[in-house]
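Chains A and L, in that order, give the protein sequences.
Take 123 as the starting number for the first sequence in my numbering and just add one per residue.
Take 26 as the starting number for the second sequence in my numbering and just add one per residue.
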Amino acid sequence: MSETPHNAERPLANGQKRIDFQTEPARYRHWKLAVDGAVATLTMDVDEKGALFDGYELKLNSYDLGVDIELADAIERLRFEYPQVRALVLRSAKPRVFSAGANIRMLAGATHAHKVNFCKFTNETRNGIEDFSANSGVATLCAINGTAAGGGYELALAADHIILIDDGAASVALPELPLLAVLPGTGGLTRISDKRKVRRDLADVFCTTEEGVKGARAKDWRLVDEAVPGSKFDDAVAARAKEFAAKSRRDGAASGIKLTPLTRRFETDSIEYATLMVEFQRSERIATIVLRGPTAPPPNSADAMVQQGAEFWPLKLARELDDAILHIRLNELEVAALVFKSSGDPEQVLAYDRFLETNKAHWLAREIRLLWKRVLKRVDLTSRSLVTLIEPGSCFAGTLAELAFASDRSYMLAPTLPSPASGGGSGRGSGDNKHPAAIALSAANFGDYPMANGITRLACRFLADPSALEAAKAEREKLLDAERAQKLGLVTFALDDIDWDDEVRVFLEERASFSPDSLTGMEANLRFAGPETLESKIFARLTAWQNWIFQRPNAIGDEGALKRYGTGQKPAFDMRRV
Amino acid sequence: MTIQTVDYTTKIPNNVNLTEDRQVLRALESWHPGYIDWWMDMGPEGFQDALVYLRTAVSVDPKGWAKFDYVKMPDYRWGILLAPKDDGRAIPFGRHYGEPAWQEVPGEYRAMLRRLVVIQGDTEPASVEQQRHLGKTAPSLYDLRNVFQVNVEEGRHLWAMVYLLQKYFGRDGREEAAALLQRRSGDADKPRMLGAFNEATPDWLSFHMFTFFTDRDGKMQLESLAQSGFDPLSRTCRFMLTEEAHHMFVGETGVGRTIQRTCEAMKEAGIEDASAIDKVRALGVIDLPTMQKKLNLHYSLSLDLFGSEVSTNAANTFTAGLKGRFQETKIQDDHRLESATYPVLKLVDGEIKRVDEPALTAINMRLRDDYTADCQRGLDRWNKIIDKIGVPFKFALPHVGFHRQIGEFKDVHATPDGTLIDDATWTRDKETWLPSSADGEFVASLMKPVTEPGQFASWIAPPRVGIDNKPGDFEYVKIAA
C-alpha cells in the first residue's frame with residue numbers, strides 16, 4: 123500500500139510566522155463574550171475570512187485552531203476576570219446554524235501533526251469547560267439554534283445541559299464516519315457513551331446517520347436535554363441559565379483580576395518570559411525550560427494576592443508555562459525532549475503552596491490551583507520525552523515537583539561525598555553558592571493536581587505499593603536530598619557529578635535517536651497507569667484510534683474521504699478490515 | 026378512515042397497483058386522514074364547499090391526464106401517477122453512468138435520496154399554505170379557479186413525494202411523510218424548510234409573480250430530479266412536470282394580463298411616461314415600475330432556492346446519480362464531469378468576477394443559469410405585450426448579486442445592474458428597487474373580489490381563451506353551491 127507523502131506545510135494567514143496562543147477579547151474575531159450579572163454568554167460568530175491558515179474559509183461557524191484559541195481564552199477570562207459569573211451559555215449568532223464543527227478543508231490540507239495537535243488542544247479546551255462546571259461551579263448551557271454537526275455537537279457535549287430548537291430542521295449530528303471516514307475526535311464518541319449514556323445501539327444509529335437526529339427523538343435518545351419550539355427557545359434558554367446561576371455554588375467576588383498580556387521575547391534560540399525561559403538546542407533537538415522560583419515571599423492575605431493579580435507568582439508562572447508548552451507543541455515540531463530545570467529557593471515555593479492551601483476557599487486561590495492542574499495535565503499530554511533535572515540551586519518543591527513526577531524520567535544530582543542524613547541542612551556542597559539539589563513535597567502533591575486518569579501523579583507512581591505513597595506523605599515540607607529522594611522513589615536516578623554530565627547527555631542523545639512515533643506511543647502508555655476516566659478515554663482510546671485513521675489512505679489518500687470531500691467525487695476505500 | 030372504507034382504485038387514481046401494495050396501504054391508512062385534516066385547516070380558506078371546475082389526472086395517457094369537471098376541493102381525487110416505465114432506461118450521469126436505472130433505493134444513497142424527496146415534498150404543501158387567503162380577493166372566477174387548480178395539484182405533488190417516502194424509505198420515510206403535514210409556512214416553530222416558502226403571498230400580483238418565478242424553480246428542480254438514476258423518482262417527476270406547465274402558464278399569463286391592462290389604461294388616458302406612477306395608479310391599475318420591483322423581489326428570492334453557487338451537496342447528488350442537470354440527456358459531454366469546469370460569478374477581492382470552478386461543485390450554478398434563461402424568455406414575451414401596445418418600458422431581470430440571502434453575494438449589497446454598494450446606499454435606495462410598504466398598500470387597495478361570471482377587476486385583463494375552451498362568461502367556481 124502506498125503511503126501518502128507528508129502533507130506540505132500550509133502557510134499561516136497574514137504572513138504570521140508562528141501560531142500564537144495569546145489573545146484577548148478585544149482581538150477576538152470569532153466569539154463574543156458578554157456578561158450580564160451572573161450569566162455569561164459566549165456567542166460563536168466565526169468570521170469566514172478569519173482562518174488561521176491560508177487556503178480555506180470558515181463557513182457555517184466551522185472552526186480551526188484559531189477559533190478554539192479564542193474559546194479557550196474566553197473560558198480563562200471567565201475564571202479570572204469574572205468571578206461573579208455562575209452560569210455560562212454557549213450559543214451561535216448565525217441563523218439556523220449552530221456550528222458545522224472542525225473545518226473539513228482545513229483538516230484535509232493539514233499536516234498529520236497539526237491535526238493531532240489541533241484535536242488535542244480542542245479536547246483540552248472542552249475538558250476545561252467541564253472542569254469549570256465541576257470545580258468552579260459554573261454550569262454550562264448550550265443553546266443549539268440550528269445544525270450542530272460533528273465538532274459543533276461535540277462542543278455542545280461539553281456543556282452540562284443542551285437545549286435544541288425543535289423546528290423540524292435543526293439537528294444534532296456526528297457525521298464524521300459516513301461523510302468523512304474519520305471519527306468524531308473531540309470527545310464525541312466518548313461523551314455520548316460515557317457522559318450522556320446514550321444506549322450503544324442508538325449511538326450506533328446516530329453515528330452512522332449523516333443528517334443526525336432532530337427534536338423529540340434527540341431528547342428521547344439522550345442526545346440533548348430539551349427540545350424547545352422556536353417561539354419559546356430564547357425564553358427557555360434564559361430561564362434555564364438563571365436557574366443554573368441560582369443553583370451554582372460559585373462564591374466569587376463581584377469583580378476579578380485582569381489577565382494582563384504576557385511579556386515574551388522571542389529570540390532565535392530562546393524565549394524569555396518573566397518567570398521562565400525556554401532554550402532550544404536545535405542540533406540536539408532539546409528544549410530546556412528553566413522555571414524561576416518566587417523572588418519574594420507570598421503576600422500576607424488573600425486580598426493582597428488579589429492586589430498582585432496576574433503578577434502573583436504562581437499564577438504568572440502557570441500562564442507562562444502553559445504558553446511555552448503550547449508554543450513548543452505547535453511551533454517546534456522537531457524538539458524530541460523537554461528538559462525541565464528550575465532555579466530558586468524551594469522553601470519559598472513551599473511557602474506559596476502553604477499560602478494557597480491556607481486560602482483554598484478563596485475564589486482566586488482556587489482558580490490558580492485549578493489552572494496549575496490543567497497546565498500539568500497539558501504537560502502529561504505533550505508527546506515529547508519529558509525529563510526533569512534536579513540540580514543544586516533548583517526549586518522542585520511542591521507544585522513544581524509535579525513536573526518531575528510528570529516526567530518520563532528525572533535525574534537528581536547527588537553530592538560527591540555521602541551526605542549526612544537528609545533534612546540536616548548539610549550546607550553548600552558543590553563549591554559554588556547554590557544550595558545542594560533538593561526536592562520537596564507539599565500537601566499539593568497529594569490531591570490538588572490529579573491527572574486525566576483521576577489520581578495524583580504520586581498515586582499513579584506508587585500504584586504497586588500504597589505504603590510508598592504514605593512514606594512520601596510523611597516527608598512533606600522537608601527538603602529531601604538525592605539519596606532520600608531516590609529511596610522514597612521520587613526520582614529515577616541520583617547521580618553524582620562524576621557521572622552526571624555523561625549520563626544525562628547519553629540519555630538525551632539516545633532519546634533523540636529513537637523513532638518519534640514509537641516514543642509517543644510508549645510514553646502515552648506508560649504515563650497513565652491506573653484507572654480510566656472520561657478524559658483518559660478521550661485521550662487514549664478515541665484519540666489513538668483517530669490518529670491511526672488520520673494516517674490511513676481511506677481518510678487521507680488521494681482517493682480518501684477527506685481529500686475527496688467537497689469535490690463531489692466519491693472516495694474509494696480499501697475494503698479490507700484491519 | 027380505515028383501509029376498508031377507502032376504495033383506493035376510484036378514490037386515489039393510480040398506476041402503481043395500490044390495492045395490492047400492503048406496505049403503502051398501511052402507511053396511507055394513517056397519513057390520508059391527516060392529509061384531509063391538513064387540507065381543511067390549511068387549504069383555500071372559505072371555499073372548501075364551493076364547486077370548482079377542475080382538471081383531474083386519472084391516468085397518465087393523453088386521454089386521462091386532464092379530466093375537467095366541477096369538484097369540491099376536499100373531494101378532489103389526488104392520485105399517484107408515475108410516467109410509464111421505460112424498461113431499458115440507464116442512469117444518465119454520475120459515477121454509475123450507463124448502468125441500469127435503480128428500481129429500488131441503493132442503501133448507500135438512501136439518506137441522500139430521502140433528503141432530496143423531503144425537500145421537494147416540503148415545497149408542495151407550503152405554497153398551498155402561502156396562497157390560502159387569496160380566494161377572498163380574486164379578480165375573477167377564472168383566476169379563482171386557476172389558484173385552486175394550482176393548489177390541488179400542489180396537493181397531488183405532495184402525494185407523489187409521500188408515495189415515494191412510504192414505498193421506498195421504510196419507517197424513516199413514514200415519519201418524514203407525517204412531518205410534511207406538521208410544518209407550516211411562516212410558522213415560528215415549525216417553518217417550511219426553504220426561505221422563499223415561508224414568505225407571505227399578500228396579493229394576486231405576488232401570486233402571479235410567485236408562480237412565474239418560484240414555481241419555475243420548482244420546475245427546474247423537477248427537471249433535474251426527472252433525470253434521477255432512481256427510476257421511481259424520475260418517473261414521478263416526469264409526470265409532475267406536465268402539471269407544472271399549467272402553473273407556469275398561470276404565472277406568466279397572470280402577470281402578462283396585468284401588464285396588458287396597465288398599458289391599455291395608460292394608452293387610453295394618453296399617459297406615455299411609465300414613471301408617472303401617481304397618474305397611472307389613479308387609473309386603478311398597477312404601474313409598471315412597481316411590477317418591476319415585485320419582479321426584482323421574487324426573482325432574487327427564487328435564486329436563493331438554488332443554494333450556494335459552489336456546493337458539495339449538489340456535487341455529491343450528481344456523482345451519486347440522484348439529481349442531474351436540466352435536460353441531462355441532451356447535453357453532449359461525458360456526464361461525469363470529473364475534470365470539467367464551469368464559469369461561476371464570484372466575489373473576488375471585492376469585485377464580481379467570473380471564475381472557472383470544477384463543474385461538479387458548480388451544478389447548482391448551472392441549473393440556475395438555465396433557470397435565468399428560462400425566466401428571460403418569459404420576460405421577453407411580457408416586453409412584447411408592452412411593445413405592441415406602444416408604451417416605452419422594458420422589464421429586466423436584476424443582477425444575480427442583487428438582494429441575496431444565500432451564496433456568494435449574501436454579505437454584500439448590489440444594485441439591480443450589479444454595482445456593489447455600501448450599507449448606507451443600500452438602506453437609502455432599496456425602496457427604489459424593492460416594493461415599499463406604500464407599494465404594498467397600493468396593490469392591496471386594488472384587491473377587491475370580483476365574483477360575477479365573465480367580469481374582471483380593474484387591474485387585470487381577461488384571458489384570450491378560457492380554460493378547457495370555455496366561453497368568457499363561464500362560471501368556473503360556483504361559490505354558493
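Here a beta-carbon is modelled for each residue, glycine too, at the ideal position from N, C-alpha and C.
Measure how close the beta-carbons of residue i and residue j come, nearest whole angstrom, since I'm counting them as under 8 Å.
i: L296 of chain A; j: G272 of chain A; result: 6 Å
i: Y324 of chain L; j: P423 of chain L; result: 6 Å
i: L385 of chain L; j: F343 of chain L; result: 6 Å
i: G443 of chain L; j: G426 of chain L; result: 6 Å
i: W64 of chain L; j: G180 of chain L; result: 7 Å
i: G690 of chain A; j: T337 of chain L; result: 7 Å
i: V130 of chain L; j: F255 of chain L; result: 6 Å
Under a three-way DSSP split, which group does residue i fall into?
i: R686 of chain A; result: helix
i: Y204 of chain A; result: coil
i: W484 of chain L; result: coil
i: E401 of chain A; result: strand
i: Y101 of chain L; result: coil
i: A163 of chain L; result: coil
i: G259 of chain A; result: coil
i: S465 of chain A; result: strand
i: K319 of chain L; result: helix
i: C264 of chain A; result: strand
i: M166 of chain A; result: strand
i: T35 of chain L; result: helix
i: R579 of chain A; result: helix
i: K215 of chain L; result: coil
i: W670 of chain A; result: helix
i: Y713 of chain A; result: Given a span of 123 to 700 for chain A in the structure shown, any question on residue 713 of chain A remains unanswerable.
i: I393 of chain A; result: strand
i: F220 of chain A; result: strand
i: P675 of chain A; result: helix
Give every residue of the same chain whose Cβ lies closer than 6 Å to the Cβ of residue i, excluding the five residues on either side of it in the sequence, and list them in chain order.
i: G551 of chain A; result: Here G551 of chain A scores only 46 on pLDDT, less than 50, and its place in the model is too uncertain to base an answer on.
i: T614 of chain A; result: R531, S532
i: F72 of chain L; result: G160
i: F118 of chain L; result: G349, E353, H360
i: T165 of chain A; result: K154, R213, A215
i: Q470 of chain A; result: G415, P416
i: H438 of chain L; result: I446, W451
Can you list, in chain order, the residues of its chain with a C-beta nearer than 7 Å to that of residue i? Leave out the 5 residues immediately preceding and following it.
i: K685 of chain A; result: A230, I678, G679
i: T27 of chain L; result: Low local confidence applies: a pLDDT of 44 at T27 of chain L is under 50, so the model's placement there is unreliable, and no value is given.
i: E673 of chain A; result: Here residue 673 of chain A turns out to be Gln, not Glu, going by the sequence shown. H234, listed in sequence order.
i: Y687 of chain A; result: I226, A230, L302
i: P19 of chain L; result: An answer regarding residue 19 of chain L cannot be provided, because it is not within the stretch 26 to 506 covered by chain L.
Between which residues of its own chain and residue i is the CB-CB distance below 8 Å, once the five residues before and five after are set aside?
i: D618 of chain A; result: L535, A536, P537, T538
| query | Taking any Cβ of chain A, which residues in the stretch 134-164 of chain L have a Cβ under 7 Å from it, in chain order? | reply | A136, R140
| query | Between the stretch 346-360 of chain L and the stretch 323-332 of chain L, do at least 3 Cβ pairs fall closer than 8 Å? | reply | no
| query | Can you list, in chain order, the residues of the stretch 315-347 of chain L whose Cβ is nearer than 8 Å to any Cβ on chain A? | reply | T337, A339, A340, N341, F343, T344, A345
| task | Check each residue of the stretch 252-266 of chain A: if its Cβ is closer than 9 Å to any Cβ of chain L, include it; give the result in chain order. | result | none
| request: Name, going along the chain, the residues of the stretch 350-366 of chain A whose beta-carbon falls closer than 7 Å to a beta-carbon of chain L. | output: P351, G352, S353
| said: Please list, in chain order, the residues of the stretch 209-236 of chain L that have any C-beta partner in chain A closer than 7 Å. | reply: A213, D214, K215, P216, M218
| query | On the three-pair Cβ rule with 8 Å, is the stretch 174-185 of chain A touching the stretch 487-498 of chain A? | reply | no
| task | Evaluate contact between the stretch 440-454 of chain A and the stretch 130-141 of chain A, counting only Cβ atoms and requiring at least three cross-stretch pairs below 8 Å. | result | yes
| For the stretch 175-206 of chain L, which residues have a beta carbon sitting closer than 8 Å to at least one beta carbon of chain A? | A204
| message | What are the residues in the stretch 376-389 of chain L lying within 8 Å of chain A by C-beta distance? | response | P383, L385, T386, I388
| request: Determine, using beta-carbon pairs with one atom in the stretch 199-211 of chain L and one in the stretch 219-229 of chain L, whether at least three such pairs fall under 8 Å. | output: yes
| Stretch pair the stretch 271-282 of chain L + the stretch 170-179 of chain L: three plus CB contacts closer than 8 Å | yes
| query | Below 8 Å, can you find three or more Cβ-Cβ pairs linking the stretch 561-574 of chain A to the stretch 519-531 of chain A? | reply | yes
| Segment contact, 8 Å Cβ cut-off, at least three pairs: the stretch 568-576 of chain A with the stretch 627-647 of chain A | no
| said: Any contact between the stretch 465-475 of chain L and the stretch 227-241 of chain L? By contact I mean 3 or more CB pairs, one from each, below 8 Å. | reply: yes
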